[in-house]
Structure formats: C-alpha cells, structure tokens
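Numbering (the numbering used here), first residue to last: 17 to 179.
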C-alpha cells in the first residue's frame, strides 16, 4: 500500500508558494478591492510589495488551520503580529490587522476550504483533500528537483518523465 503524502510531509515555503499559485490560478477567490492600499499591520511602514500577497496570506492561513485548529480572527491577527519599532525607544509587540484576517477567513470560507465551528474555524473535508493533493504535487516536484541536483553534482544521469 503506497504511503499517502500530507501537508506535514512538505516544506512549508514550497507549499505556501504552490497553494497561493493554485488559489490565483483557479480564479474562484475574490480579493477585496483594497488589497493594494492597506498595510497588513499597524507596525508595518508600507503595504506589501507583492501584488499577490493576499493569496499568499490565505495559503499560509489555511496551512496554519490544517496544523492547528480551530482558529479565530483574534488568533490569526496574533499569528501575523510582530515587533513595532519605536525608534530609539524599546520595541513592543503588536497584533496584525484584524480586517485582513477576517477577510482572508471569509475568502477561504467562500471556497468551502474552511467552515465555522465552536471556537473559530476549521478545515472542511474538501479543504483537507485539496491541501493534501497540492502537498503531494509539491512533494513529487521537490523530490525530482533534489534528484536532478544530486545527479548534476555527481554526474549521474537520472531519467525524468520528459525523456
């Protein structure tokens, strides 16, 4: 019986990048109109440089919900909080933007990836299936990349699907 690949088996950076690309490519997620204007927290000086930051935030959020649920708006703003620089005075921790957290959760709810429950939001069966499917694709892709890099370093030819 083949071993199934889950979200916990892949690198989080590769997964978030792949899942945010999936969210953008499907076109089902509706981003708010203000995504190019808003800061993600009060301790930030500028808005994000990446025009697709909302997709990345949603991908990171749904990964966090997979690992640790239920999660509410307050917990999400705490997750994406950080250190506020006060110049020469000591820095202090600040929470992230609640509006961004709420809209990200609502966008994921509209895609039927998460649902409301007591104490916050948790993953749906469809959401877990989609995340595991994308994680399996990322696992295969990174495994091929590692094999090709190893072959290039050692001079060994590794057959790929293209050959």
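Beta carbons are placed, not taken as given, at the ideal position from N, Cα and C, and that holds for glycine.
- Query: For residue 102, does the count of other Cβ atoms within 10 angstroms reach 16, so buried, or fall short, so exposed?
  - Reply: By the neighbour-count rule (16 or more Cβ atoms within 10 Å), residue 102 is not buried but exposed.
- Query: If we count the other Cβ atoms within 10 Å of its Cβ and call it buried at 16 or more, is residue 90 buried or exposed?
  - Reply: Under a 10 Å Cβ-count criterion, residue 90 is classified as exposed, with fewer than 16 other Cβ atoms of the shown protein chains found around its own Cβ.
- Considering only residues of the region 121-169, which uninterrupted alpha helix (DSSP H) runs meet the minimum length of 4 residues and lie entirely inside it, listed in chain order? Taken in chain order, the region 121-169 contains no complete alpha helix (DSSP H) segment of 4 residues or longer.
- Can you name the residues that DSSP bridges to residue 98? BP columns for residue 98 point to 110.
- Please say whether residue 120 and residue 74 have beta carbons closer to each other than 8 Å? In this structure, residue 74 sits near residue 120, with a CB-CB distance shorter than 8 Å.
- Going by the CB atoms, is the gap between residue 72 and residue 143 shorter than 8 Å? Going by C-beta atoms, residue 143 is not nearer than 8 Å to residue 72.
- Who are residue 87's beta bridge partners in DSSP? When DSSP reads this structure, residue 87 sits in a beta bridge with 137.
- Message: Are the CB atoms of residue 93 and residue 113 within a distance shorter than 8 Å?
- Response: Yes, these two residues count as a Cβ contact at 8 Å.
- Message: On the CB-based measure, 16 or more other CB atoms within 10 Å of its CB, does residue 107 come out buried or exposed?
- Response: Burial call: exposed.
- Item | Closest Cα partner of residue 70 within the set 61, 56 and 80 | Nearest of 61, 56 and 80 to residue 70, Cα basis: 56.
- Going straight from the alpha carbon of residue 153 to that of residue 130, what length do you get? So the two alpha carbons sit approximately 21 Å from each other.
- Got a sec? Which residues, its chain only, sit under 7 Å from residue 87 by beta carbon, not counting five neighbours each side? Same-chain partners within the cutoff: 80, 81, 136 and 137.
- Message: Quick test of your reading: residue 41 and residue 127, contact by CB under 8 Å. State the CB separation rounded to the nearest angstrom.
- Response: That pair is no contact at about 13 Å.
- Is the CB-CB distance between residue 123 and residue 31 below 8 Å? It is not a contact, given that the beta carbons lie outside the stated cut-off.
- Quick one: residues in its chain with C-beta nearer than 7 Å to the C-beta of residue 95, no 5 flanking neighbours on either side, listed in chain order? For residue 95, the CB contacts under 7 Å within the same chain, skipping 5 residues up- and downstream, are 80 in chain order.
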